[in-house]
Amino acid sequence: MDDKSTTQQWLPAYAATQPRRGRHTLLKAPLATILFVITLTTLFFRPPLSLFSHSSRRRPQQPNVIIMISDGYGPASHTMARTFYRLTHQNDSEPIPEFGWGFPLDSALVGSHRSRSSSSLITDSAAGATAFSCGKKSYNGGIAVDSEGKSCQTVFEAAKAQGYLTGVVVTSRLTDATPACFYAHAASRSQESYIASQMLEKPETGGQRTIDLAVGGGGCFFLPMGDPLSCRSDDRDLVTEATDAGWEVRLGDTMLQSIAEVGPHGEVISRGQPAKNTSSERLRALQTPRLPFLSLLSPSNTPYVVDIPADSEGKTSFPTLAELSEQALQVLSKGKMSSDSTSPRCSVWDRLRRHRRSRKSRPFMLMIEGSQIDLCQHENDAACMVREAVAYQEAAALVKEYVDELNKQGRPTLLISTSDHETGGLTLGRQLTEDYPEYAYYPERLSGVKASAGTLSARLLHFWRQEKPSEGDLREHVAAHILGGKGGLGFGEEKSGGPVTDDEVGLVVSCLREHGSATARPLDDEEGGNEPPPIDNGDDCRKAIAEVASRRAQVGWSSSGHTGVDINLYAHGYGADGLRGNIENTDVSARNVGGEGRD
Numbered sequence: 001m002d003d004k005s006t007t008q009q010w011l012p013a014y015a016a017t018q019p020r021r022g023r024h025t026l027l028k029a030p031l032a033t034i035l036f037v038i039t040l041t042t043l044f045f046r047p048p049l050s051l052f053s054h055s056s057r058r059r060p061q062q063p064n065v066i067i068m069i070s071d072g073y074g075p076a077s078h079t080m081a082r083t084f085y086r087l088t089h090q091n092d093s094e095p096i097p098e099f100g101w102g103f104p105l106d107s108a109l110v111g112s113h114r115s116r117s118s119s120s121l122i123t124d125s126a127a128g129a130t131a132f133s134c135g136k137k138s139y140n141g142g143i144a145v146d147s148e149g150k151s152c153q154t155v156f157e158a159a160k161a162q163g164y165l166t167g168v169v170v171t172s173r174l175t176d177a178t179p180a181c182f183y184a185h186a187a188s189r190s191q192e193s194y195i196a197s198q199m200l201e202k203p204e205t206g207g208q209r210t211i212d213l214a215v216g217g218g219g220c221f222f223l224p225m226g227d228p229l230s231c232r233s234d235d236r237d238l239v240t241e242a243t244d245a246g247w248e249v250r251l252g253d254t255m256l257q258s259i260a261e262v263g264p265h266g267e268v269i270s271r272g273q274p275a276k277n278t279s280s281e282r283l284r285a286l287q288t289p290r291l292p293f294l295s296l297l298s299p300s301n302t303p304y305v306v307d308i309p310a311d312s313e314g315k316t317s318f319p320t321l322a323e324l325s326e327q328a329l330q331v332l333s334k335g336k337m338s339s340d341s342t343s344p345r346c347s348v349w350d351r352l353r354r355h356r357r358s359r360k361s362r363p364f365m366l367m368i369e370g371s372q373i374d375l376c377q378h379e380n381d382a383a384c385m386v387r388e389a390v391a392y393q394e395a396a397a398l399v400k401e402y403v404d405e406l407n408k409q410g411r412p413t414l415l416i417s418t419s420d421h422e423t424g425g426l427t428l429g430r431q432l433t434e435d436y437p438e439y440a441y442y443p444e445r446l447s448g449v450k451a452s453a454g455t456l457s458a459r460l461l462h463f464w465r466q467e468k469p470s471e472g473d474l475r476e477h478v479a480a481h482i483l484g485g486k487g488g489l490g491f492g493e494e495k496s497g498g499p500v501t502d503d504e505v506g507l508v509v510s511c512l513r514e515h516g517s518a519t520a521r522p523l524d525d526e527e528g529g530n531e532p533p534p535i536d537n538g539d540d541c542r543k544a545i546a547e548v549a550s551r552r553a554q555v556g557w558s559s560s561g562h563t564g565v566d567i568n569l570y571a572h573g574y575g576a577d578g579l580r581g582n583i584e585n586t587d588v589s590a591r592n593v594g595g596e597g598r599d
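Quick note: the sequence shown uses full-length UniProt numbering, first residue 1, plus one each step.
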């Protein structure tokens with residue numbers, strides 16, 4: 001299916017009121033009644049009546065839509081994470097305690113999508129998310145623009161025009177490629193300061209805000225240049241601007257103490273370091289907010305799950321993706337905004353429209369991203385990936401329950417879950433010698449890992465620079481605290497594959513001779529380059545530690561970048577069957593799901 005046919009499907013596509021079996025048809029309509037992309041065309045495999053038709057006697061109830069994106073999560077990642085969870089919670093022959101025999105999304109598998117972009121057979125996250133948000137192919141790096149660089153209407157923009165509430169919950173920066181494609185437009189994903197400013201546009205300045213709730217990291221792009229944690233190259237203070245515009249803004253405090261990287265002079269830098277601002281409040285993470293709501297959990301990406309310490313009951317100091325998703329669903333499903341009350345500035349039409357809405361909840365559209373799966377796989381860190389994947393599945397389980405309950409209440413609701421692409425080229429089963437390979441892999445050997453490879457690399461570099469150890473002391477430290485021990489990879493016991501070996505220690509120690517540094521370039525690039533977010537390919541110790549863990553589990557990687565495999569597609573709830581089959585990524589958001597037009 002070419003871009004032209006996809007666009008023709010999207011712009012006039014309409015939905016209708018009552019479900020029926022058999023074939024269905026598309027209706028044509030004015031551009032003013034454009035359907036918002038993510039699944040409002042996929043939802044309604046219905047008789048020929050427009051969802052927004054003014055000629056219909058009874059206007060059908062608008063559905064809620066929840067889009068979950070597991071960034072970088074491919075079929076092999078799903079298999080490994082499911083097996084890891086099962087083997088580390090109960091015996092392989094017994095059901096998983098919480099999920100039964102499979103992950104929550106297993107029963108919702110409906111098909112797959114082809115993830116190419118307009119510029120390559122392998123997409124990046126920007127082009128992938130643009131396909132979901134606009135229903136159009138774009139070049140790698142483009143944020144909600146078509147292949148020629150022209151802005152395309154996003155699903156959030158179209159949804160807001162129909163009275164929807166919209167929101168995003170992510171574990172990356174809110175200005176990262178995937179969330180940005182739902183509320184912003186930019187020639188390059190690297191223009192994160194510019195992207196952040198688009199979140200706050202409001203009617204008073206001539207722009208229409210297209211997002212009502214935003215929860216995630218990336219607070220550095222909302223702070224003025226003079227702030228020590230700012231990533232901006234100007235003096236705009238978007239936190240203050242948001243507050244002045246009526247947003248409820250919350251800033252997260254330090255919740256993670258483990259080391260993430262070491263600065264150029266050996267100083268320890270921790271993930272999730274808070275804004276050093278005396279006016280910032282400690283995150284009241286799970287209290288129900290009012291809308292519009294902006295929660296900046298951390299200056300950059302939020303911490304990896306594996307790096308967050310837990311108490312004796314397994315509870316972490318940082319909110320989980322499931323908890324953040326529940327918070328968003330609670331406030332959005334109420335269907336009200338603080339600005340819904342009558343204002344003297346409202347026109348008569350606005351007051352009448354709001355009065356009609358007040359009699360029932362407004363529909364909502366929510367995008368939830370498990371962002372850090374992608375970064376773990378960029379780093380070829382299998383132990384990191386499986387924990388992010390389990391956290392994503394826990395969020396999916398909660399969302400499925402919400403979808404079922406809302407549908408029971410007569411509020412049509414659909415969940416779609418998919419990934420934008422696969423990252424890392426993960427393979428389950430690895431030939432470690434020239435002998436005939438063993439048909440096995442061992443994800444359970446990663447159960448004792450207590451920190452990401454990047455965090456362990458930073459700790460090792462800090463020790464090496466500060467202590468200046470002898471060769472013997474260095475090898476002992478690597479064996480005891482990086483590869484073994486309770487704070488490292490946890491190797492030593494039989495379930496982890498046995499004691500740490502000399503070869504494993506040697507591989508890690510050699511990284512200090514080869515490079516011995518861990519630095520990352522600045523996040524922001526207002527010049528408009530299309531570079532991906534910072535992946536520190538110069539961190540040889542992180543690579544070595546991740547390689548040791550992968551060899552233990554007998555899994556392999558073909559790349560530190562993305563790959564071009566087809567991606568699993570899941571759907572649950574209202575209209576879910578309309579997404580069956582193998583389709584283009586643009587069709588995830590821009591297809592009629594009847595029996596026609598599936599060429």
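Cβ atoms here follow ideal geometry from the backbone N, Cα and C, with glycine treated the same way.
Less than 8 angstroms separates the beta-carbon of alanine 242 from that of leucine 200.
Note that the stretch 536-549 does not touch the stretch 562-581; fewer than 3 beta-carbon pairs, one per stretch, sit closer than 8 angstroms.
In the structure shown, the three-state DSSP call for arginine 232 is coil. Between the stretch 406-419 and the stretch 67-77 there are three or more inter-stretch CB-CB distances shorter than 8 angstroms, so the stretches are counted as touching.
Residue range 321-333 is occupied by the alpha helix (DSSP H) that includes alanine 328, with no beta strand (DSSP E) assigned at that position.
Annotation for glutamate 584: no alpha helix (DSSP H) segment contains it, though the beta strand (DSSP E) segment containing it runs 581-584. As computed with DSSP, threonine 123 is found in no beta bridge at all. Here isoleucine 211 carries a coil assignment [DSSP, helix/strand/coil]. The Cβ-Cβ distance between alanine 184 and isoleucine 143 falls below 8 angstroms. Boundaries of the beta strand (DSSP E) around asparagine 64: 64-69.
The DSSP-derived three-state label of arginine 552 is helix. Note that the stretch 449-458 touches the stretch 489-501; at least 3 beta-carbon pairs, one per stretch, sit closer than 8 angstroms.
Looking at the backbone, the Cα of valine 170 and that of lysine 315 are separated by about 20 angstroms. Under DSSP, the beta-bridge partners assigned to serine 112 are Asn568, Asn582.
Non-local C-beta neighbours of serine 510 in its own chain, meaning closer than 8 angstroms and more than five positions away in sequence, comprise Ala544, ordered along the chain. Straight across, the Cα-Cα distance linking aspartate 235 with valine 65 is about 37 angstroms. Shown here, phenylalanine 182 sits in a helix according to DSSP, grouped into three states. Burial state of asparagine 301 is buried, judged by a 10 Å Cβ sphere holding 16 or more other Cβ atoms. When the five nearest sequence neighbours on each side are left out, the beta carbons in the same chain lying within less than 6 angstroms of the beta carbon of glutamate 248 are those of Pro289, Arg290, Phe293, in order along the chain.
Between tyrosine 402 and glycine 370, the C-beta spacing is not below 8 angstroms.
For glycine 454, the enclosing alpha helix (DSSP H) stretches over residues 453-467. With distances taken between CA atoms, glycine 485 lies nearest to Val500 out of Leu474, Phe222, Val500.
Bridge partners of valine 249 according to DSSP: Leu294. In this structure, Glu388 is the residue among Gln61, Glu388, Arg116 with its C-alpha nearest to the C-alpha of glutamine 377. With distances taken between CA atoms, serine 147 lies nearest to Lys137 out of Gln153, Ala108, Gly217, Lys137. Between lysine 150 and the set Arg114, Ala187, Ser120, Arg173, the nearest pair of CA atoms involves Ala187. Contact annotation: asparagine 585 and glycine 128 have beta-carbon atoms nearer than 8 angstroms.
In the three-state scheme derived from DSSP, where H, G and I count as helix and E and B as strand, arginine 82 is classed as helix. By the Cβ test, the stretch 554-566 is in contact with the stretch 422-440, since at least three Cβ pairs between them sit closer than 8 angstroms.
For serine 172, the enclosing beta strand (DSSP E) begins and ends at 165-173.
Here histidine 562 carries a strand assignment [DSSP, helix/strand/coil]. Under the three-state reduction of DSSP, glutamate 369 is assigned to strand. In this structure, serine 112 places its C-beta atom within 8 angstroms of the C-beta atom of asparagine 582. The shortest CA-to-CA distance from serine 550 to any of Val386, Leu579, Gly561, Tyr436 is the one to Val386. Glutamate 476 places its beta carbon 8 angstroms or farther from that of threonine 88.
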